[in-house]
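Take a look at the structure below.
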Amino acid sequence: MAARPRPVRGATRNDASRRFNLPQSEADGDWLDAREDIDGAAPKSRTEVTVEHPRTIIARNQSPDIPFDRSINPYRGCEHGCIYCFARPTHAFHDLSPGLDFETRLFAKPQAAELLRAELAKPSYVCAPLALGTNTDPYQPIERDWRITRAVIEVLAECQHPLTITTKSDRVVRDVDLLSPMAAQGLAAVALSITTLDARLAMTLEPRAPAPARRLKAVEALARAGVPVYVSLAPVIPAINDHEMEALLEAAASAGARAAFFLPVRLPHEVAPLFKAWLDTHFPERAGKVMSVIRDIREGRENDPNFFTRMRGSGPWAELLRARFQIACRKHGLNRERMTVRSDLFRRPRGPQGELF
1 MAARPRPVRG ATRNDASRRF NLPQSEADGD WLDAREDIDG AAPKSRTEVT VEHPRTIIAR
61 NQSPDIPFDR SINPYRGCEH GCIYCFARPT HAFHDLSPGL DFETRLFAKP QAAELLRAEL
121 AKPSYVCAPL ALGTNTDPYQ PIERDWRITR AVIEVLAECQ HPLTITTKSD RVVRDVDLLS
181 PMAAQGLAAV ALSITTLDAR LAMTLEPRAP APARRLKAVE ALARAGVPVY VSLAPVIPAI
241 NDHEMEALLE AAASAGARAA FFLPVRLPHE VAPLFKAWLD THFPERAGKV MSVIRDIREG
301 RENDPNFFTR MRGSGPWAEL LRARFQIACR KHGLNRERMT VRSDLFRRPR GPQGELF
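Reminder that position 164 of the sequence shown reads as 164 in my numbering, one-by-one numbering, no gaps.
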C-alpha cells in the first residue's frame, strides 16, 4: 500500500525503532510560515525535544573534500523535514528512525556555548574556521526558543573566532547584530540554501523551512549589513528542481549574493528508500525518470560514497549541470571571489582568574 504524506512533514514513512526515550516535549515551531494563521488549523504532528549533555561540542572531520575540519551542531535531528537530508541516517545511532523521528524527535545541546568556551580556552587549541549548519540546521524552528546557536555565536564573536554558517532559515537575520561586526573584521560568512523558487514544491521538499521568498529576503538583509552571503543550490534533483538553476542564480545575484555552489542530490543509507517513497507519493509520474538520472550521475548506483565524486557526480548529466551552473554564474557576476574568513585575530576567552587581574 502506498505511503500517505503526513501533514506538514517531509518523510512519508517511519521505520520501526528499538528505543524511544524522549520525555521532554516542545511546542511545534514554524508551521509552514504560519500557515495556520492563513488557512486555519491543520492536524499537528508533535515535535519532541530532549536535552543532550555532550562532553565536548566541536566535531572534527578529516574528509578531504570538505573545506573545514571542525563544526558545531547545536541540535540533532531537524524539524525542517527536507526529504533529501543526508543527516537523516544519524538518527539510527539513537535507535530512532531516519524518517519521521528525525523530524519530530529532536535533541538540543543547551550547554554548547559553555563547552565551546572551555575548548577555546585550552592552550592546545589552534584556531581555524568553525562551521555551523553542516549536519542539521542551526536555525531550525526550535532555535527561536532555545537560542543555542546565538549563544555559540556570542562566544565566537567575543573571541574573534572565524565562523561560517549554512542555513535554510531567515532566522539567521535575527543575529545580524553579531554577524555584521564579525563580517567587518573578516570573521563571518553565511550561505543560504535555496533549492527552488516554487513555494508549492518547497512545501513538499522542505516542508518546515521558510518559504523561498523569505530566504531571498534574508540574503538581501545580510548583504545590506555587510555580511558576505553565498547561496547554496543543494541539492539539485533531476526532473524535480534542476530546471530552476538559472532562475535561482539570477535571483540570488539580484538579492546581493556574492557567490554560489551546487551539489547533485545524495542518497546515503536510509535516505534512498525515504526519498523513493517520497517520489512515489508526490511525483509518481516521474519517479522512474528521477531515479534513472540519479543512477546515471552516480555511476549506476543510487549513491556514491567516495570522496570528491560524491559532491560532484560524474557522467554526461553531471557535466551538463556543471556547465549550466558555470555559465549562469558568469552571466550574473557570481563566484568572482572565494568564501574565506581569517583566523589571525583569535584571542582565547578570559577565564575566572583572568577576570580578577
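By construction, the Cβ of each residue, glycine as well, lies at the ideal position given by its N, Cα and C atoms.
> Does DSSP put PRO264 in a helix, a strand or coil?
Replying inline: Position 264 of the sequence shown, counted from the first residue, corresponds to residue 264. The answer is strand: DSSP assigns PRO264 an E or B state.
> Would you call the segment 104-116 and the segment 131-149 touching, i.e. three or more CB-CB distances under 8 Å?
Replying inline: yes
>> According to DSSP, is ARG70 part of a helix, a strand, or is it coil?
In response: Against the sequence shown, residue 70 aligns to sequence position 70. Three-state result, ARG70: strand.
> Between the Cα of ARG301 and the Cα atoms of ALA272, ILE327, PHE308, GLU319, which residue gives the shortest distance?
Replying inline: Looking up residue 301 in the sequence shown gives position 301. The shortest C-alpha separation from ARG301 is found at ALA272.
>> Between which two residues does the alpha helix (DSSP H) holding ILE327 run?
In response: Here residue 327 corresponds to residue number 327 of the sequence shown, with the count starting at 1. Segment 315-331, the alpha helix (DSSP H) holding ILE327.
> Based on the DSSP output, what are the partners of ARG301 in its beta bridges?
Replying inline: Translated into the one-based positions of the sequence shown, residue 301 becomes position 301. Answer by DSSP bridge pairing: none, since ARG301 is not bridged.
>> Distance check for CYS127 and HIS161, CA to CA, integer angstroms please.
In response: Here residue 161 is taken as the residue at index 161 of the sequence shown, counted from 1. Here residue 127 is taken as the residue at index 127 of the sequence shown, counted from 1. Straight-line Cα distance between these residues: approximately 7 Å.
>> Taking the beta carbon of LEU254 as the centre, do at least 16 other beta carbons fall within 10 Å, making it buried, or is it exposed?
In response: Numbered from 1 along the sequence shown, position 254 holds the residue referred to as residue 254. In the sequence as presented, Leu is not what sits at residue 254; that position holds Ser. Under this definition SER254 is an exposed residue.
>> Can you find the residues in the same chain that come closer than 6 Å, C-beta to C-beta, to ASP37, ignoring five residues on each side of it along the sequence?
In response: As a first step, residue 37 must be located in the sequence shown, where it is residue number 37. Low local confidence applies: a pLDDT of 45 at ASP37 is under 50, so the model's placement there is unreliable, with the coordinate-based value given in what follows. Around ASP37: no qualifying Cβ.
> Which residue comes first and which comes last in the alpha helix (DSSP H) that contains PRO273?
Replying inline: Here residue 273 corresponds to residue number 273 of the sequence shown, with the count starting at 1. Note, PRO273: alpha helix (DSSP H), 271-282.
> Alpha carbon to alpha carbon, how far is GLU220 from VAL229?
Replying inline: As a first step, residue 220 must be located in the sequence shown, where it is residue number 220. As a first step, residue 229 must be located in the sequence shown, where it is residue number 229. Rounded to whole angstroms, GLU220 to VAL229 spans 9 Å at the Cα level.
>> Between the alpha carbons of ALA225 and ARG215, how many angstroms are there, rounded?
In response: Position 225 of the sequence shown holds residue 225. Position 215 of the sequence shown holds residue 215. Computed Cα separation, rounded: 15 Å.
> Taking the continuous alpha helix (DSSP H) assigned at THR153, which residues delimit it?
Replying inline: Counting from one through the sequence shown, the residue named residue 153 turns up at place 153. As written in the sequence, residue 153 is Ile, which differs from the Thr given in the question. Residues 148-159.
> Under three-state DSSP, which class holds PRO89?
Replying inline: In the sequence shown, counting from the first residue as 1, residue 89 sits at position 89. It is helical.
> PHE308 to LEU263, Cα distance in whole Å?
Replying inline: For the purposes of this step, residue 308 is taken as residue 308 along the sequence shown, with counting starting at 1. For the purposes of this step, residue 263 is taken as residue 263 along the sequence shown, with counting starting at 1. Cα-Cα distance, rounded: 11 Å.
>> If contacts are defined as beta-carbon pairs under 8 Å, then ASP170 and PRO210 qualify, I think. What distance do you get, rounded to the angstrom?
In response: For the purposes of this step, residue 170 is taken as residue 170 along the sequence shown, with counting starting at 1. For the purposes of this step, residue 210 is taken as residue 210 along the sequence shown, with counting starting at 1. ASP170 to PRO210, Cβ: 5 Å. Contact.
>> So LYS168 and HIS282 are supposed to be a Cβ contact under 8 Å. How far apart are they, rounded?
In response: By one-based count along the sequence shown, residue 168 stands at place 168. By one-based count along the sequence shown, residue 282 stands at place 282. Contact flag wrong, Cβ pair sits at about 19 Å.
> What's the gap between the Cα of CYS82 and the Cα of VAL172?
Replying inline: Numbered from 1 along the sequence shown, position 82 holds the residue referred to as residue 82. Numbered from 1 along the sequence shown, position 172 holds the residue referred to as residue 172. Cα to Cα, the separation comes out at about 18 Å.
> Who are the Cβ neighbours of PRO212 in its own chain at under 7 Å, not counting the five residues just before and after it?
Replying inline: For this step, residue 212 is matched to residue 212 along the sequence shown. The residues are ILE194, THR196, LEU197, ALA199, ALA202.
> Quick one: any contact between the segment 241-257 and the segment 320-336, if contact means 3 or more CB pairs under 8 Å?
Replying inline: yes
>> Judging by CA-CA distance, which residue of VAL49, ARG76, LEU130, LEU222 is the nearest neighbour of SER343?
In response: In the sequence shown, counting from the first residue as 1, residue 343 sits at position 343. Checking every option, the nearest Cα to that of SER343 belongs to LEU130.
> Whole-angstrom Cβ separation of LEU192 and ALA218, contact assumed at under 8 Å?
Replying inline: The residue labelled residue 192 in the question sits at position 192 within the sequence shown. The residue labelled residue 218 in the question sits at position 218 within the sequence shown. LEU192 to ALA218, Cβ: 6 Å. Contact.
> Relative to the C-alpha of ALA259, which residue among VAL265, SER232, ALA239 is closest?
Replying inline: On the sequence shown, residue 259 is found 259 positions in, with the first residue counted as 1. Of VAL265, SER232, ALA239, the residue nearest in Cα terms is SER232.
> Do you know how far the Cα of ALA112 is from the Cα of GLU206?
Replying inline: Numbered from 1 along the sequence shown, position 206 holds the residue referred to as residue 206. Numbered from 1 along the sequence shown, position 112 holds the residue referred to as residue 112. Their Cα atoms are separated by approximately 26 Å.
>> Using 8 Å for Cβ pairs, my map puts ALA121 next to ARG348. What's the rounded Cβ distance?
In response: Working through the sequence shown from its first residue, we reach residue 121 at position 121. Working through the sequence shown from its first residue, we reach residue 348 at position 348. 5 Å between Cβ atoms; contact.
>> Measuring only the C-alpha atoms, how far is GLN62 from LEU334?
In response: Position 62 of the sequence shown holds residue 62. Position 334 of the sequence shown holds residue 334. Their Cα atoms are separated by approximately 29 Å.
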